[in-house]
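Enquirer:
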Amino acid sequence: MSYQQEYKHSIESPEKFWAEKAADLAWFKPPSSILSTDENGMAQWFADGEMNTCYMALDHHVKNGRGDQLALIYDSPVTELKSRFTYQELRDNVATFAGVLKQYGVDKGDTVIVYMPMISEAIIAMLAVARLGAVHSVVFGGFSAHELAVRIDDVQPKLVVTASCGVEINRIIEYKPMVDEAIVLAKHKPQHVILLQRQQCIASMQAVRDIDWQDALFSARPADCVAVKATDPLYVLYTSGTTGKPKGVVRDNGGHAVALKYSMSAVYNLKPGDVFWAASDVGWVVGHSYVVYAPLLHGCTTIVYEGKPVRTPDAGAFWRVVEEYNVKAIFAAPTAFRAIRKEDPEAKLLANYNIDCLETIFMAGERLDPPTYEWTFKKTGKPVVDHWWQTETGWAICANLMGIEALPVKAGSATKPVPGFNIQVLDPYGKPLPANTQGAIVLKLPLPPSCLATIWGNFDRFSDGYLTEFPGYYSSGDGGYIDEDGYLFIMGRTDDVISVAGHRLSTGEMEEILAAHNAVAECTVIGVYDSIKGQVPVGFALLKDGADISAAALQTELVAMVRKEIGALACLKQVIVVPRLPKTRSGKILRKVLRQIADNEEFTVPSTIDDPASVAEIKDIMRSSGLVKE
Ligand code: COA
Ligand code: AMP
Numbered sequence: 001m002s003y004q005q006e007y008k009h010s011i012e013s014p015e016k017f018w019a020e021k022a023a024d025l026a027w028f029k030p031p032s033s034i035l036s037t038d039e040n041g042m043a044q045w046f047a048d049g050e051m052n053t054c055y056m057a058l059d060h061h062v063k064n065g066r067g068d069q070l071a072l073i074y075d076s077p078v079t080e081l082k083s084r085f086t087y088q089e090l091r092d093n094v095a096t097f098a099g100v101l102k103q104y105g106v107d108k109g110d111t112v113i114v115y116m117p118m119i120s121e122a123i124i125a126m127l128a129v130a131r132l133g134a135v136h137s138v139v140f141g142g143f144s145a146h147e148l149a150v151r152i153d154d155v156q157p158k159l160v161v162t163a164s165c166g167v168e169i170n171r172i173i174e175y176k177p178m179v180d181e182a183i184v185l186a187k188h189k190p191q192h193v194i195l196l197q198r199q200q201c202i203a204s205m206q207a208v209r210d211i212d213w214q215d216a217l218f219s220a221r222p223a224d225c226v227a228v229k230a231t232d233p234l235y236v237l238y239t240s241g242t243t244g245k246p247k248g249v250v251r252d253n254g255g256h257a258v259a260l261k262y263s264m265s266a267v268y269n270l271k272p273g274d275v276f277w278a279a280s281d282v283g284w285v286v287g288h289s290y291v292v293y294a295p296l297l298h299g300c301t302t303i304v305y306e307g308k309p310v311r312t313p314d315a316g317a318f319w320r321v322v323e324e325y326n327v328k329a330i331f332a333a334p335t336a337f338r339a340i341r342k343e344d345p346e347a348k349l350l351a352n353y354n355i356d357c358l359e360t361i362f363m364a365g366e367r368l369d370p371p372t373y374e375w376t377f378k379k380t381g382k383p384v385v386d387h388w389w390q391t392e393t394g395w396a397i398c399a400n401l402m403g404i405e406a407l408p409v410k411a412g413s414a415t416k417p418v419p420g421f422n423i424q425v426l427d428p429y430g431k432p433l434p435a436n437t438q439g440a441i442v443l444k445l446p447l448p449p450s451c452l453a454t455i456w457g458n459f460d461r462f463s464d465g466y467l468t469e470f471p472g473y474y475s476s477g478d479g480g481y482i483d484e485d486g487y488l489f490i491m492g493r494t495d496d497v498i499s500v501a502g503h504r505l506s507t508g509e510m511e512e513i514l515a516a517h518n519a520v521a522e523c524t525v526i527g528v529y530d531s532i533k534g535q536v537p538v539g540f541a542l543l544k545d546g547a548d549i550s551a552a553a554l555q556t557e558l559v560a561m562v563r564k565e566i567g568a569l570a571c572l573k574q575v576i577v578v579p580r581l582p583k584t585r586s587g588k589i590l591r592k593v594l595r596q597i598a599d600n601e602e603f604t605v606p607s608t609i610d611d612p613a614s615v616a617e618i619k620d621i622m623r624s625s626g627l628v629k630e
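Going letter by letter, the sequence shown gives residues 1 to 630 in UniProt numbering.
Written out as structure tokens, the structure is:
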């Protein structure tokens with residue numbers, strides 16, 4: 001089937017299309033209802049189907065002769081450890097850990113927070129929660145105690161599952177003090193903390209509340225899969241919005257499994273038995289979908305990589321993993337390849353490895369800039385596929401579908417809509433825009449399987465944030481255009497969300513933190529271009545009258561506050577003290593103009609500006625502080 005035929009079928013006959021895809025999975029009770037609406041009027045998929053995602057991902061394969069095939073490979077250059085699990089071994093480990101969770105009271109529908117580094121046990125914990133029909137909420141290990149506490153209060157977990165530490169380059173990150181602090185900060189108190197002691201650092205344990213993972217295994221009896229409805233939640237994953245309160249994206253079981261299984265063949269062109277490597281972290285949506293669920297649902301081997309693209313030990317790390325495990329497709333953020341290019345511009349290290357097994361390189365998480373695309377394509381000689389997606393969808397919205405029909409590549413474009421997604425570009429009044437005209441990128445409702453239907457515990461927030469701007473459409477928050485051939489170009493966010501090294505962060509949240517400093521009268525944070533990380537945040541602060549602090553001291557304190565409140569991954573390193581900020585007459589800070597000045601882009605000062613001289617003034621300050629490079 002051609003791309004056009006496949007896409008047309010999905011849009012014209014969505015129920016038929018998705019019923020066919022659902023038939024590829026091992027349901028306890030196959031769905032007869034394919035598309036219906038929930039109590040909020042949102043699409044719900046496969047409403048009367050019964051299933052268990054862990055069963056589909058593990059037990060089904062063991063029953064069907066895949067028990068001895070490798071399911072998971074753990075490779076950790078930072079600890080120099082490696083291990084492997086067959087499907088049978090992974091199923092048994094997951095069933096036993098599910099028994100531990102059950103013993104400590106986890107039941108169908110309960111929530112469990114998983115705060116772990118990139119180790120096999122993180123995946124075991126997620127699948128064990130799913131096995132019990134419970135709901136996991138994985139928190140990225142780079143987030144601070146404060147961020148963890150916010151998530152604990154929102155998702156109200158019965159338990160927290162964690163490890164004693166994460167291992168970064170030349171640095172051990174102790175997790176337990178952060179978990180302890182988060183539980184002190186949070187109003188909701190989880191009943192237990194189950195902790196895996198890693199040999200790099202032994203955490204101290206609190207009597208009664210804290211449970212040692214290994215000790216608990218001794219008394220646990222393996223637990224069976226619990227049947228859930230397709231529409232029951234599998235997980236809640238928090239993502240950044242425009243404020244300090246992250247949004248809990250709710251993923252269902254059925255739509256998620258069907259979309260992800262389909263994506264493995266349609267988007268990634270993988271067959272059961274192939275090795276797939278998503279070089280991401282389970283704390284992000286890419287990790288959920290493509291380290292854990294999709295490869296296992298499809299019967300592939302997945303790789304859990306605890307390392308970086310560079311410095312673990314060098315810029316040949318990716319090529320080493322590809323060769324060592326016979327990886328057929330790799331998926332990473334463009335920032336990873338920019339980091340490799342910076343350290344090994346001629347890709348000399350590639351000559352040490354044979355990567356013939358690799359068929360395609362996929363990238364997402366931020367715009368794949370044409371120079372990074374060209375470099376990766378030229379140096380590897382492999383097709384490089386940019387695809388666009390969001391935590392909210394859980395899988396690609398727009399891609400070059402390698403398993404359907406590989407279309408000609410246009411650098412800078414994520415190619416064409418994935419079957420199921422009806423992408424439109426609208427002007428601010430909701431009118432469709434002609435080809436090559438930039439506007440708001442929206443998705444026509446109903447959304448296909450796997451997409452969120454609400455924000456955890458707060459449908460109004462979902463409706464206000466995504467559905468009200470353009471009635472009948474989901475607002476993606478991204479801007480861009482579709483060209484004359486139907487190719488989509490994503491040009492950036494239209495809100496306060498930035499992507500730092502492929503990590504989605506909120507400048508609004510950083511502003512709230514800076515504003516809390518007692519010397520700061522007013523502030524703003526913008527994302528500026530960074531040659532490796534894509535974007536990094538930069539703050540601007542106005543001092544309160546009479547504030548007695550030097551600019552350098554204030555910067556040090558504000559940088560430390562953001563690091564403490566969000567985590568090191570926020571990468572806010574510069575805060576510039578300014579006498580005033582350019583604003584509109586109604587008092588709106590001209591953030592876009594600030595960003596354009598910093599990025600040396602052309603800009604238009606809006607006619608509503610309060611004082612045009614403020615723009616020239618800030619430009620001078622940004623130049624003298626080294627932010628604007630001529
Ligand atoms: N736990 C604790 N701290 C973490 C962490 C984690 N899981 N991940 C990152 N951090 C810390 C780092 O140690 C660093 O701290 P520092 O400021 O004290 O050095 C800080 O957060 C910033 O980390 P990072 O953005 O990863 O910068 P880096 O310089 O260490 O590495 C790259 C740069 C480009 C190599 C790295 O960001 C990378 O591999 N990016 C790809 C990310 C990715 O795949 N994202 C995918 C989502 S699809
Ligand atoms: P996340 O929810 O963390 O996956 O981040 C989603 C956001 O990352 C999107 O809304 C985009 O702004 C950006 N993004 C993801 N993939 C791409 C891509 N291929 N091209 C451009 N931007 C992307």
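Glycine is no exception: its CB is placed at the ideal position from the N, C-alpha and C atoms.
Exposed or buried, which one is H188 when buried takes at least 16 other CB atoms within 10 Å?
Expert: Numbered from 1 along the sequence shown, position 188 holds the residue referred to as residue 188. That one is exposed.
Enquirer: Using the rule of at least 16 other Cβ atoms within 10 Å of the residue's Cβ for burial, across every protein chain shown, is S144 buried or exposed?
Expert: Along the sequence shown, read from residue 1 onward, the residue named residue 144 stands at position 144. Flag for S144 reads buried.
Enquirer: Could you pull the start and end residues of the beta strand (DSSP E) that M491 belongs to?
Expert: Indexing the sequence shown from 1 puts residue 491 at position 491. 488-493 is the span of the beta strand (DSSP E), which, as asked, contains M491.
Enquirer: Say yes only if the C-beta of V615 is nearer than 7 Å to one or more non-hydrogen atoms of the ligand AMP, and no if none qualify.
Expert: Looking up residue 615 in the sequence shown gives position 615. Answer for V615: no, Cβ out of range of the ligand AMP.
Enquirer: Measuring only between beta-carbons, confirm whether K410 sits less than 8 Å from chain B.
Expert: As a matter of chain content, chain B is missing from the structure shown, which is built from one protein chain.
Enquirer: Just how far apart, CA to CA, sit K431 and E469?
Expert: Walking along the sequence shown from the start, residue 431 turns up at place 431. Walking along the sequence shown from the start, residue 469 turns up at place 469. Spanning the two alpha carbons is a distance of roughly 12 Å.
Enquirer: Which residue comes first and which comes last in the beta strand (DSSP E) that contains G477?
Expert: Sequence index remark: in the sequence shown, residue 477 carries index 477 (1-based). Unbroken beta strand (DSSP E) run through G477: 473-482.
Enquirer: Would you give the residue range spanned by the alpha helix (DSSP H) that D620 belongs to?
Expert: If you number the sequence shown from 1, residue 620 lands on position 620. First-last of the alpha helix (DSSP H) with D620: 613-624.
Enquirer: Using a 10 Å radius around the Cβ and a threshold of 16 neighbouring Cβ atoms, would you call Y235 buried or exposed?
Expert: In the sequence shown, counting from the first residue as 1, residue 235 sits at position 235. Label assigned to Y235: buried.
Enquirer: When you compare each of V286, V528, L195, I119 to I330 by their alpha carbons, which one comes out closest?
Expert: Taking the sequence shown and counting its residues from 1, one reaches residue 330 at position 330. If we check each option's Cα against that of I330, V286 comes out closest.
Enquirer: Could you please give the first and the last residue of the uninterrupted alpha helix (DSSP H) stretch that includes K378?
Expert: Along the sequence shown, one-based indexing puts residue 378 at 378. Residues 370-380.
Enquirer: Is any non-hydrogen atom of the ligand COA found closer than 7 Å to the C-beta of S280, if you look at the structure I gave you?
Expert: Position 280 of the sequence shown, counted from the first residue, corresponds to residue 280. S280: yes, Cβ under 7 Å from the ligand COA.
Enquirer: With a threshold of 8 Å on Cβ separation, who are the neighbours of I183 within its own chain once the five nearest residues in sequence on each side are excluded?
Expert: The count along the sequence shown starts at 1 and reaches residue 183 at position 183. Excluding residues within five positions, the ones whose Cβ falls inside 8 Å are A149, I152, V160, K189, P190, V193.
Enquirer: Going by Cα to Cα distance, which pick from P30, F28, L35 is closest to F17?
Expert: Locating residue 17 in the sequence shown gives position 17, where the first residue counts as 1. Closest by alpha carbon: L35.
Enquirer: Looking only at C-alpha atoms, which of I589, D610, K619 sits nearest to E602?
Expert: Your numbering for residue 602 matches position 602 in the sequence shown. When each option's Cα is compared against that of E602, the closest is K619.
Enquirer: Would you mind reading off the limits of the alpha helix (DSSP H) that contains A259?
Expert: Residue mapping note: residue 259 aligns to position 259 of the sequence shown, counting from 1. That run of the alpha helix (DSSP H) goes 254-266.
Enquirer: With Q4 as the anchor, note down where its alpha helix (DSSP H) starts and where it stops.
Expert: Translated into the one-based positions of the sequence shown, residue 4 becomes position 4. Counting along the chain, the unbroken alpha helix (DSSP H) around Q4 starts and ends at 3-12.
Enquirer: Going by beta carbon distance, what residues of the same chain come within less than 6 Å of I211, once the five residues before and after it are set aside?
Expert: Taking the first residue of the sequence shown as 1, we reach residue 211 at position 211. Here the set comprises H192, I194.
Enquirer: Note down, in chain order, each residue of its chain lying with its Cβ closer than 7 Å to the Cβ of Y487, except the 5 sequence neighbours on either side.
Expert: For this step, residue 487 is matched to residue 487 along the sequence shown. Same-chain partners within the cutoff: K410, S413, T415, K416.
Enquirer: Please indicate yes or no: does the CB of V418 lie closer than 7 Å to some heavy atom of the ligand AMP?
Expert: Position 418 of the sequence shown holds residue 418. It does not: the Cβ of V418 is nowhere closer than 7 Å to a heavy atom of the ligand AMP.
Enquirer: Rounded C-beta distance between E50 and A227? I'm assuming under 8 Å.
Expert: As a first step, residue 50 is located in the sequence shown; it is residue number 50 there, counting from the start. As a first step, residue 227 is located in the sequence shown; it is residue number 227 there, counting from the start. Rounded, the Cβ-Cβ distance is 5 Å, consistent with contact.
Enquirer: Buried or exposed for V179, going by 16 or more other Cβ atoms inside 10 Å?
Expert: Within the sequence shown, numbered from 1, the residue matching residue 179 stands at position 179. Looking at its Cβ environment, which holds 16 or more other Cβ atoms inside 10 Å, V179 is buried.
Enquirer: For D485, which of helix, strand or coil comes out of DSSP?
Expert: Working through the sequence shown from its first residue, we reach residue 485 at position 485. In the structure shown, D485 sits in coil (DSSP, three-state: anything other than H, G, I, E or B).
Enquirer: Which complete beta strand (DSSP E) runs does the UniProt domain "AMP-binding enzyme C-terminal" (509-588) hold, if anything under 3 residues is left out?
Expert: 520-530, 534-543, 574-577
Enquirer: For S625, which of E181, Q197, V538 has the nearest alpha-carbon?
Expert: Along the sequence shown, one-based indexing puts residue 625 at 625. Closest option to S625, Cα to Cα, is V538.
Enquirer: Cβ-heavy atom distance between H387 and the ligand COA below 7 Å?
Expert: As a working mapping, residue 387 is identified with position 387 in the sequence shown. Not one heavy atom of the ligand COA lies closer than 7 Å to the C-beta of H387.
Enquirer: On the three-state DSSP scale, how would you describe E20?
Expert: Position 20 of the sequence shown holds residue 20. Three-state result, E20: helix.
Enquirer: How should R131 be labelled, buried or exposed, when 16 other C-beta atoms within 10 angstroms of its C-beta is the threshold for buried?
Expert: Position 131 of the sequence shown, counted from the start, is the residue given in the question as residue 131. By the 10 Å Cβ count, R131 comes out buried.
Enquirer: Check whether the segment 326-340 touches the segment 102-122, taking contact to mean three or more Cβ pairs, one atom from each stretch, closer than 8 Å.
Expert: no
Enquirer: I need the boundaries of the alpha helix (DSSP H) containing K176, first residue and last residue.
Expert: Walking along the sequence shown from the start, residue 176 turns up at place 176. K176 -> alpha helix (DSSP H) spans 176-185.
Enquirer: Rounded to the nearest angstrom, what separates G133 and G254 at their Cα positions?
Expert: Within the sequence shown, the letter at position 133 stands for residue 133. Within the sequence shown, the letter at position 254 stands for residue 254. Approximately 12 Å, taken between the alpha carbons.
Enquirer: Suppose the cutoff is 6 Å on Cβ atoms and the five residues either side in sequence are ignored; what does the same chain contact list for A26 look like?
Expert: Translated into the one-based positions of the sequence shown, residue 26 becomes position 26. Excluding positions up to five away in sequence, the list reads M56, H60.
Enquirer: Taking buried to mean at least 16 other C-beta atoms within 10 Å of its own C-beta, is S280 buried or exposed?
Expert: Stepping through the sequence shown from its first residue, residue 280 is reached at position 280. Buried, since its Cβ has 16 or more Cβ neighbours within 10 Å.
Enquirer: Please state whether the Cβ-Cβ distance between G365 and G567 is less than 8 Å.
Expert: Reading the sequence shown from its first residue, position 365 is the one you call residue 365. Reading the sequence shown from its first residue, position 567 is the one you call residue 567. No.
Enquirer: Just the Cα atoms here: how many angstroms apart are P30 and D48?
Expert: What you label residue 30 is simply residue 30 of the sequence shown in a count that begins at 1. What you label residue 48 is simply residue 48 of the sequence shown in a count that begins at 1. Answer to the nearest angstrom: the Cα atoms are 8 Å apart.
Enquirer: Once the 5 residues before and after N269 are set aside, which same chain residues still bring their CB inside 6 Å of it?
Expert: Here the question's residue 269 lines up with position 269 in the sequence shown. Exclusion of the five residues before and after N269 leaves M402, G403 as the residues of its chain whose Cβ lies within less than 6 Å of its Cβ.
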